[in-house]
Amino acid sequence: MAAWNPRIEEMPRDELQRLQFKLLKMLVYRLYSFNDFYRRRMKDAGVHPDDIRTLDDVRKLPFMYKRDLRDGYPDRIFSAARDELVRYHVSSGTTGKPTVVGYTRHDVEIWTESLARAFTSCGLGRGDVVQVSYGYGLFTGGLGAHYGAERIGATVLPTSVGNTERQIELMQDLHVTAIACTPSYLLHMGEVAEKMGVSIQDDTDLRAGILGAEPWSEQMRERIQDWLGIRAYDIYGTSELSGPMFTECTEQKGIHIWGDLALAEIVDPETGEPLGPGERGELTVTILQKEALPIIRYRIGDITVMDDGTCACGRTHPRIGRIQGRVDDMLIIRGINVFPSQVEHTLMQIPDVGRHFQIVVDRRGALDTMLVRVEVAEEAFSDKITDLMVVKKKVEHRLRSSLNVGVDVELVEPGSLPRFEGKSKKVIDRRSM
Amino acid sequence: MENPYIIKQISIFSENRPGRLAAIAEALKGAEINIFAFSIAEADGFGVVRALVDRPEEAYRALTDLGFRVSFTEVVGVKMRDEPGGLSEIASILGDADINIEYAYAYSGRDAAVLILRVDQVEDAIRQILERGGELLEASRFR
Ligand SMILES: [Zn+2]
């Protein structure tokens, strides 16, 4: 299917970068002139808008963090007058104050444009019926997806969350072709449907899922696609950026970040230094056309990689990979950044051990040590010590090559590792004890 | 027909930490299972407990229910004569026939010392040992 905005989406990369530079420059001048918060920030960092002479000069600008938004509660760093705002969304803060995001008419417009392009790239358009099972209200998911789907001419069924049986009935009766919700809610729907005697694969017209707002894996994608007979697309965004904004295209090889709307960088979470394509780091975003709550080099805290190559779909805009973890979970072992999610991902590919694990970090002299405790799988258990040592060495080798840091593996009895998610039990850092 | 000399050993994965062995013994005792022979092989942080018991299936169930990783292993028991050189004799019989001994452990049986052998070709090992005049324990002795 043709792109929603082919002139922009298929723009040659050098032209796109010139456009990004122009937009960045305009943004920086505007904020320096009209917004106290950003002017003070730039002055503190010793940077003047005139210093932005190339696109890479974005790196001279100071980072923004969640705490900046929280400290500005509710609207102290807004850059638009109150009567210019057409909407508020509020993200609940797990710690401290929530974050309020205000939108001008233009802000809603670019958010909608972003999702119109994204949904079109998932193969949706006029004639599709999109069930929006994200929450409507202060959360951005419901209304964001709603506006985007309406914009491309699809019919929206705004079910929001809850009353799953009714959702399934409506899905059947109104010939829903696509659903926007969290992956776990879609799995739940599949189970409820089965209990009702409805097979989503055979008894509905559903063919696509736009899934996000929580971490999920490739394994989960495969399960959803095989079981429900649909194509499952990853969607990304946070309320600070406006809401959900970007999705994968039908290639399912990364999430296109529309370059004229957002300038994405990957930086080292520790040093803030820029990282190259394919290097894992923290996603940092500048929203180039946001009015009410400008976002410059915002450190989202999500870990991913950037793919700078041109996509087979023909769109020239860079892509980010699936979110691999949170910066808060990162461990630094001998100067190398290690994420528990990488350990989990590696273990899932080794049938000899279970997927549960525990990481114990310690310090021997001046050297950090990392021990990964794993459970022996039934198939791999042998009465011969040598066989078990082979399993241990194999897991050590695989972890070492994926983490780039030496790892000791300890084989433990099944069921002895913590089952529930959460960093507190999965990682024991004895260095700080 | 099942070879009467093949003995079913249970092998249990165990971490090297205090109380694990006691937990295994306790579980078997609770299921009223008799242990004839017992050996522990240890490595880096973990070990394998090997045991000959009178009811291996029930032992398997009792231990699995407690979350232990358990498997069955086929072993043979060779009666050792009370004379020097018994062990090297067995080793050379198997070596001559290109049969590898994976591991061995001893226990004192009712009337003689017994060597429990885990080999890579159990049927061949039984034939070779019997042909060369060795004496094997029948599995029925453990029931
Ligand atoms: Zn694409």
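If you're matching them up, the sequences are chains U and E in order. Anchor point for the first sequence: position 66 equals 66 in the numbering used here, and the numbering is continuous, going up by one each time. Anchor point for the second sequence: position 81 equals 81 in the numbering used here, and the numbering is continuous, going up by one each time. Even for Gly, the Cβ is constructed at its ideal location relative to N, Cα and C.
Three or more Cβ pairs closer than 8 Å define a contact, and the segment 314-324 of chain U falls short of that threshold against the segment 376-394 of chain U.
A distance below 6 Å between beta-carbons, with the five flanking residues on each side excluded, links residue 193(U) to the following residues of its chain, in chain order: 168, 200. Of all residues in the segment 39-55 of chain E, the ones placed with a Cβ closer than 9 Å to any Cβ belonging to chain U are 41, 42, 43, 44, 45, 46, 47, 48, 50, in chain order. Beta-bridge partners of residue 209(U) (DSSP): 179(U), 232(U). If you compare the alpha carbons of 138(E), 44(E), 128(E) with that of residue 93(E), the shortest gap goes to 128(E).
The C-beta of residue 425(U) comes no closer than 9 Å to any C-beta of chain E.
Buried is the label assigned to residue 269(U), since at least 16 other Cβ atoms lie within 10 Å of its Cβ. For the segment 381-393 of chain U, the residues whose beta carbon sits under 9 Å from a beta carbon of chain E are, in order, 381, 382, 383, 384, 385, 386, 388, 389, 392.
For residue 315(U), the shortest C-beta to heavy atom distance toward ligand 1 is below 8 Å.
Within the same chain, and ignoring the five residues on either side of residue 51(U) in sequence, the residues whose Cβ sits closer than 8 Å to its Cβ are 57, 60.
For residue 319(U), the shortest C-beta to heavy atom distance toward ligand 1 is below 8 Å.
Here the distance from the Cβ of residue 122(U) to the nearest heavy atom of ligand 1 is not below 8 Å. Residue 26(U) sits exposed, since fewer than 16 C-beta atoms from the chains shown fall within 10 Å of its C-beta.
Counting the other CB atoms within 10 Å of its CB gives residue 54(U) a total below 16, which places it among the exposed residues. At a cut-off of 9 Å between beta-carbon atoms, residue 361(U) makes no contact with chain E. Annotated three-state conformation of residue 14(E) is strand, per DSSP. Relative to the non-hydrogen atoms of ligand 1, the Cβ of residue 345(U) never comes closer than 8 Å to any of them. Around the C-beta of residue 26(E), fewer than 16 other C-beta atoms lie within 10 Å, and the residue is accordingly described as exposed. Exclusion of the five residues before and after residue 266(U) leaves 275, 281, 306 as the residues of its chain whose Cβ lies within less than 6 Å of its Cβ.
For chain E, the residues of the segment 390-418 of chain U that bring a beta carbon within less than 8 Å of one of its beta carbons are 392, 410, 411, 412, 413, 414, 415, 416, in chain order.
At a cut-off of 8 Å, the beta-carbon of residue 312(U) counts as near ligand 1: some heavy atom of the ligand is closer than that.
Chain U places a beta carbon closer than 9 Å to that of residue 9(E), counting this residue as a contact. Contact note: residue 378(U) reaches chain E through 69, 71, using a C-beta cutoff of 9 Å and chain order. Taking each of 32(U), 184(U), 196(U), 296(U) in turn and checking the Cα distance to residue 234(U), the smallest one comes out for 184(U).
In this structure, residue 92(U) lies away from residue 292(U), with their beta-carbon atoms at least 9 Å apart. With contacts defined as CB atoms closer than 9 Å, residue 175(U) and residue 158(U) fail to qualify as a contacting pair. Using a CB distance below 8 Å, the part of the segment 90-118 of chain E facing chain U consists of 102, 103, 118, ordered along the chain.
Chain order gives no chain U residues near residue 36(E), where near means a beta carbon separation below 7 Å; the closest approach is about 17 Å. About 5 Å separates the beta carbon of residue 40(E) from that of residue 49(E), a gap short enough to meet the 8 Å contact definition. For residue 17(U), the closest C-alpha among the options 262(U), 82(U), 172(U), 142(U) is that of 262(U).
Checking the 8 Å criterion, the Cβ of residue 379(U) is out of range of every heavy atom belonging to ligand 1. Burial is judged here by how many other beta carbons sit within 10 angstroms of a residue's own beta carbon; residue 397(U) has fewer than 16 and is exposed. Residue 317(U) is positioned such that its CB atom lies closer than 9 Å to that of residue 259(U). Linking residue 127(U) to residue 153(U) through their CA atoms gives a straight-line distance of about 7 Å. A straight line joining the alpha-carbon of residue 29(U) with that of residue 49(U) spans about 6 Å. For residue 338(U), the enclosing beta strand (DSSP E) stretches over residues 336-338.
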